[in-house]
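Q: Got a structure for you, written out below as structure tokens; questions coming shortly.
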Amino acid sequence: MGAHSVFLILFGVIAIAIVVHGQGQAGFISIDCGSPPNINYVDTDTGISYTWDAPYINSGVNANVSEQYGYPANPVLPFPLADVRSFPQGNRNCYTLTPSDGKGNLYLIRASFMYGNYDGKKALPEFDLYVNVNFWSTVTFRNASENVIKEILTFAESDTVYVCLVNKGKGTPFISALELRPMNSSIYGTEFGRNVSLVLYQRYDTGFVNGTGRYQRDVYDRIWSPYSQPSWNTTMTTGYIDIFQSGYKPPDEVIKTAAYPKSDDEPLELSWTSDDPDARFYAYLYFAELESLKRDESRKIKIMWNGSPVSGAFNPSPEYSMTLSNSRAFTGKDHWISVQKAADSTLPPILNAIEIFTAQSLDEFPTIAEEVYAMESIRSTYKVQKAWTGDPCSPRLFPWEGVGCIYNDSDHHIKSLNLSSSGLQGPIALSFRNLSHLESLDLSNNNLRGFVPEFLADLKQLKYLNLKGNKFVGFIPKSLRKESKAGGLALIMDEQNICHSRSCRDRNNIIVPIVVSTLLILLIAALVIICIIRRERKIGLEYLHHGCRPPIVHRDVKTANILLNDNLEAKIADFGLSKVFPEDDLSHVVTAVMGTPGYVDPEYYNTFKLNEKSDVYSFGIVLLEIITGRRSIMKTDDGDKMNVVHYVEPFLEIGDIDGVVDARLHGDFSSNSAWKFVEIAMTCVKDRGVHRPTMNQIVSDLKQCLAAELAREPQSLLEKEEKNRKTIPVRKYSISDYISSSGSVSLTFGDNNTHGPTAR
């Protein structure tokens, strides 16, 4: 552990015990960039609480400044400058700040940089700073020990503020500290309103006597640099001055001191030369009378810029601070501000402080919010390992990797997205649907699974779709096939496991002797398995658990042990592993776990404790097989084994019920009913038996689900059964071809590799 790390830990411990009598820090964001993980501390010089930066950025490398510039060689080094975060990878890396006051408000953002030869190269870098999508400033250094501070006042256009470092090819960008302060949105006004940001040029405490330049009484935490000239004197007061009369609220240490000329008739003058003759400057001058004037004395001041008046003559108040500024920007190369004594004044002019800013136009536009949210969701869902920070499209020279954009006069849209070979896993996320201007989408060579979603056809501008090299199953949505055949869409994908047109329906069809929705058939199948009254004789899991005395746990509930005859009457078969329980004992410890892999309750497997909830788990697997059309344990294309529970979970996480339900239902179901069915199944397969429902509860829930599905049919189930007693393949499926010699029926889904029998 380096000396800096040890010092940091000790500093943090000491800081906890310090009672800081500083300014309120509500809304402050203070980040020590590059500090060790989970380090939070109070800077004893300022009383400001700093935190580590990992929660604000997911790229970059931490480093300490070299021993020559850090501790203990430089004991007065401000603590946040002792370490840095550098960005050797990517052209643009952004911190994501979320101000507590939200969008529409004014914020001061300050970034600090000290090179300190942190990389051992002794090479001073040069790089650019951006706030959101607009240029802020270029960072340069005169030497390795220089503390470069950049500050900007800007209105937040959204609830998120991005501070980005951009590599210009002149060395690796880095940062030492980043701070955000909420401001009063009514101050620092310009003729351009909120259409510009103000970049700090200089902030001077012209009456400086002593202090650090950063004061706990400054509610905005500004840094005031001392400034004087040989022809100036200073004065101060210990009396009370109201600093809260104005929204600018200069700290006491600044407003209670002032400069005045040694010669009463001379002005106080400041001048500067701009490298950019088109730069627009705004000056904010602070005044307060610090002396008790005699009856025959007066102090009247006027402000001039390049010989032109900025304000009329005025008297500084002895009671409160005043702030005056130019209503129109100062432009040109040479600038000269003169604070002069008015003709009828008996006393010389004074100046307590001055701030000078340049106006930075907000010329760039962001990507529309809906598409930004979609891209952030895609990044989060798939954990995309790219330098995806800040706005996806702007600034124009630095869009996200793999992203192409349309740049309009008022907003920007994403027109192409290339995520080929990006390690994506799981189903295609719903977020892609919100990229409504997408013309090209390349998702090739990933590990995407499940079905090709119908919503891709909703992307009306889409002309190129590459899904090759993934593990999709099922059918290609009709609308995509139609667009591809018409030549409006270049559709590229593997043929394996994908069905075109009617080919999906040619695989082990189910023929149903009644005209009903396909989900309705699945619900009936589930109910007849669990609870069927067959004339006077009760059969089914509910009866075994709640109708038998003593209760019976089957221990081998699976599709192969559930028989349906041609009247859809169910029997539970194979009681060879069943266990009878005493009525006063709800669980039983066994010496060996029995059952079929894929259906065995994990809790029973791990604890050897058997109870009725073990059957509930197995039945939940059967329900998932019914709704998905997949086996309890399936093989992936990599040869790995996957339980049907793990297959379903990723779809549920993103709210994709279509991805869960067997593709051969072709959307012929109520989403509400399907969700209810899947929720019942997932409740059955919870890790702990105590959290699973009883068979009675499952029956009740399935009946509600069945009632909801029946309600959307034009005729009742009984009417349809009577009318269509002969086998009529009406929608997609039939059953009569699979009646066995024993009179039982096999309900079979898919082929032997991907799909399996759901009830037999």
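Positions -22 to -1, 1 to 738 (mature numbering (1 follows the signal peptide of the UniProt record, and there is no 0)) are the ones given, in order, by the sequence shown. Virtual Cβ for every residue (Gly too), placed ideally from N, Cα, C.
#1: With distances taken Cα to Cα, identify the nearest neighbour of K460 among K441, K446, D472 and G447.
#2: Taking C-beta to C-beta, are F91 and N145 nearer than 9 Å?
#3: Let me check one thing: in DSSP terms, what residues is C142 bridge-paired to?
#4: Let me know if G38 comes out buried or exposed under the rule of 16 or more other beta-carbons within 10 Å of its beta-carbon.
#5: Taking Cβ positions, are S123 and Y47 nearer each other than 9 Å?
#6: Would you identify the three-state DSSP class for T590, choosing helix, strand or coil?
#7: Are the stretch 238 to 251 and the stretch 306 to 322 in contact at 8 Å, needing three or more beta carbon pairs?
#8: With a CB to CB cut of under 6 Å and the five nearest residues on each side skipped, what residues in its chain are close to residue 750?
#9: Provide the residue span of the alpha helix (DSSP H) that contains K272, from first to last.
#10: Quick check on this structure: which residue in K619, L643 and V663 has the alpha carbon closest to the alpha carbon of V578?
#11: At the level of alpha carbons, what is the spacing between K710 and P671?
#12: Any beta-carbon of chain D closer than 9 Å to the one on L440?
#13: Do T661 and residue 742 have their beta-carbon atoms positioned less than 9 Å apart in this structure?
#14: If A236 sits next to L268, beta carbons under 8 Å apart, how far is it from one beta carbon to the other, in whole angstroms?
#15: Specify the secondary structure class of L685 as computed by DSSP and reduced to three states.
#16: Who are the Cβ neighbours of A365 in its own chain at under 7 Å, not counting the five residues just before and after it?
#17: Within 10 angstroms of the Cβ of I511, are there 16 or more other Cβ atoms? Answer buried if so, exposed if not.
#18: Taking the beta carbon of G452 as the centre, do at least 16 other beta carbons fall within 10 Å, making it buried, or is it exposed?
#19: Grab the span of the alpha helix (DSSP H) containing M660 for me, first residue to last.
#20: Compare the C-alpha of D679 against each of D665, D220, V668 and N650 and name the closest.
#21: Kindly give me the distance between the Cβ atoms of P255 and R277, rounded to whole angstroms, as I take these residues to be in contact under 8 Å.
#22: Helix, strand or coil for E157 per DSSP?
#23: The beta strand (DSSP E) with M612 in it runs from where to where?
#24: Suppose the cutoff is 7 Å on Cβ atoms and the five residues either side in sequence are ignored; what does the same chain contact list for P228 look like?
#25: With distances taken between CB atoms, is the gap from K166 to V141 smaller than 9 Å?
#26: Just to check my reading of the structure: E135 and N162 have Cβ atoms closer than 8 Å, yes? What is that Cβ distance to the nearest angstrom?
#27: Kindly list the residues whose CB is nearer than 6 Å to the CB of E247, restricted to its own chain and excluding five residues on each side of it in sequence; keep chain order.
#28: May I ask which residues mark the beginning and end of the beta strand (DSSP E) holding L263?
#29: Does DSSP classify V430 as helix, strand or coil?
#30: Sorted by chain position, which residues of the same chain lie with C-beta nearer than 8 Å to residue 762's C-beta, five sequence neighbours on each side aside?
#31: Kindly indicate which three-state DSSP category F119 falls into: helix, strand or coil?
#32: In this structure, does DSSP put P56 in helix, strand or coil?
#33: Looking at G404: is its Cβ nearer than 9 Å to the Cβ of Y351?
#34: Which residues in the same chain as G554 place their Cβ atom closer than 6 Å to its Cβ, once the five residues preceding and following it in sequence are excluded?
#35: Determine the direct distance from the alpha carbon of I35 to that of D61, and round the result to whole angstroms.
#36: Pick helix, strand or coil for S286, following the three-state DSSP scheme.
A: On the basis of the coordinates in this document:
#1: The residue with the shortest Cα to Cα distance from K460 is K441.
#2: Cβ atoms of F91 and N145: not closer than 9 Å.
#3: Its beta-bridge partners are C72 and Y108.
#4: When all chains shown are included, G38 counts as buried.
#5: Going by C-beta atoms, S123 is nearer than 9 Å to Y47.
#6: According to the sequence displayed, residue 590 carries Glu and not Thr. Of the three classes helix, strand and coil, the one that applies to E590 here is helix, per DSSP.
#7: At 8 Å Cβ cutoff, the stretches touch.
#8: The structure shown does not extend to residue 750, since the chain is modelled only from -22 to 738, so the question has no answer here.
#9: In the DSSP assignment, K272 falls outside any alpha helix (DSSP H) and carries neither an H nor an E.
#10: The shortest C-alpha separation from V578 is found at V663.
#11: Because K710 sits at a pLDDT of 33, beneath the cut-off of 50, its placement in the model cannot be relied upon, and the following sentence gives the value as read from the coordinates. When rounded, the distance between both Cα atoms is 33 Å.
#12: Considering every chain present, this structure includes no chain D. It has just one protein chain.
#13: What is shown of the chain runs -22 to 738, which leaves residue 742 out entirely.
#14: The C-beta distance from A236 to L268 rounds to 6 Å, short enough to fall under 8 Å.
#15: Position check: residue 685 holds Ala in this sequence, whereas Leu was assumed. Shown here, A685 sits in a helix according to DSSP, grouped into three states.
#16: Excluding sequence neighbours, A365 sits near S37, Q67, G68, R70, N71 and E379.
#17: Per-residue confidence for I511 stands at a pLDDT of 34, beneath the threshold of 50, marking its modelled position as unreliable; no derived number is given.
#18: That one is buried.
#19: Counting along the chain, the unbroken alpha helix (DSSP H) around M660 starts and ends at S649 to C662.
#20: If you compare the alpha carbons of D665, D220, V668 and N650 with that of D679, the shortest gap goes to N650.
#21: In this structure, P255 and R277 do not form a Cβ contact; the two beta carbons are roughly 36 Å apart against a cut-off of 8 Å.
#22: Here E157 sits in strand by DSSP.
#23: Looking at the DSSP string, the run of the beta strand (DSSP E) that includes M612 is I611 to K613.
#24: These residues qualify, in order along the chain: I221, Y264, S299 and A331.
#25: Going by the sequence as given, residue 166 is Tyr instead of Lys. Their beta carbons are not under 9 Å apart, which means Y166 does not touch V141 by this criterion.
#26: Cβ atoms of E135 and N162 stay farther apart than 8 Å, at about 18 Å.
#27: Only S316 meet the Cβ criterion.
#28: Its beta strand (DSSP E) spans residues F259 to F265.
#29: Secondary structure at V430: coil, using DSSP grouped into helix, strand and coil.
#30: The shown model of the chain, from -22 to 738, leaves out residue 762, and the question about it has no answer.
#31: Looking at F119 - three-state DSSP - the assignment turns out to be coil, as it is neither helix nor strand.
#32: P56 sits in coil when the DSSP states are folded into three classes, being neither helix nor strand.
#33: No; because the gap between Cβ atoms is not below 9 Å, this pair is not in contact.
#34: With a pLDDT of only 46 at G554, under the threshold of 50, the placement of this residue in the model should not be trusted; the figure read from the coordinates follows. Here the set comprises nothing.
#35: Taken atom to atom, the span from the alpha-carbon of D61 to that of I35 is near 16 Å.
#36: Strand.
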